[in-house]
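**Q** Numbering (the numbering used here), first residue to last: 147 to 265.
Okay, here's the structure, questions in a sec.
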C-alpha cells in the first residue's frame, strides 16, 4: 500500500465536486460544469451564502432554481440538489482552509513522500 501523498493541489473533494489549490495560491471550486476561482479568504463568505441558500432549499416544495452570484464570475442558476452539493463542498473546503491555517500558525511540517527529507 502506497502512503498518502500530501504534496497535492487537492484541498477537499466530494463525489460531486472538488476544491483545489491553484499555482497562484487561490482556490478553484468545481461543481459539475460550474467553476469558480477565489482567494482563500473569500471562500468562507461564499460558504455563508450557500448555507443560506441550502436552508431555503428545505422550504421549497418543488423543483426550484436558485441564482448564485459570485463577484467576478457570471451568475449561475443551480437546482436544489446542486445547491446542497455546493454547500457540502464549501463546508469541507472551509474546514480544510481552517486546518491549514492552524497548522501554519503552529509551524507544523506536513508529511511528505520525498525520501530526501529527513523525518
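Glycine included, every Cβ here is placed at the ideal spot set by N, Cα and C.
1. Three-state secondary structure (DSSP) at residue 237?
2. Three Cβ pairs or more, each shorter than 8 Å: is that satisfied between the region 229–237 and the region 191–206?
3. Does residue 154 come out as helix, strand or coil in the three-state DSSP assignment?
4. Please work out which residues of its chain come closer than 8 Å, Cβ to Cβ, to residue 203, disregarding the five sequence neighbours upstream and downstream, and give them in chain order.
5. My output table needs one value for residue 193: the three-state DSSP class, helix, strand or coil.
6. Straight-line CA distance for residue 171 to residue 224?
**A** On the basis of the supplied data:
1. Taking the chain shown and counting its residues from 1, the one referred to as residue 237 is at position 91. Residue state, collapsed to three classes: helix.
2. yes
3. Locating residue 154 in the chain shown gives position 8, counting from the first residue. With a pLDDT of only 48 at residue 154, under 50, the local geometry of the prediction cannot be trusted, and no value is derived from it.
4. Locating residue 203 in the chain shown gives position 57, where the first residue counts as 1. If we look at residue 203 and ignore the five residues flanking it on each side, its Cβ neighbours are 210, 212, 226, 229 and 230.
5. Along the chain shown, read from residue 1 onward, the residue named residue 193 stands at position 47. Reduced to three states, the DSSP call for residue 193 is helix.
6. The count along the chain shown starts at 1 and reaches residue 171 at position 25. The count along the chain shown starts at 1 and reaches residue 224 at position 78. So the alpha carbons of these two residues sit roughly 27 Å apart.
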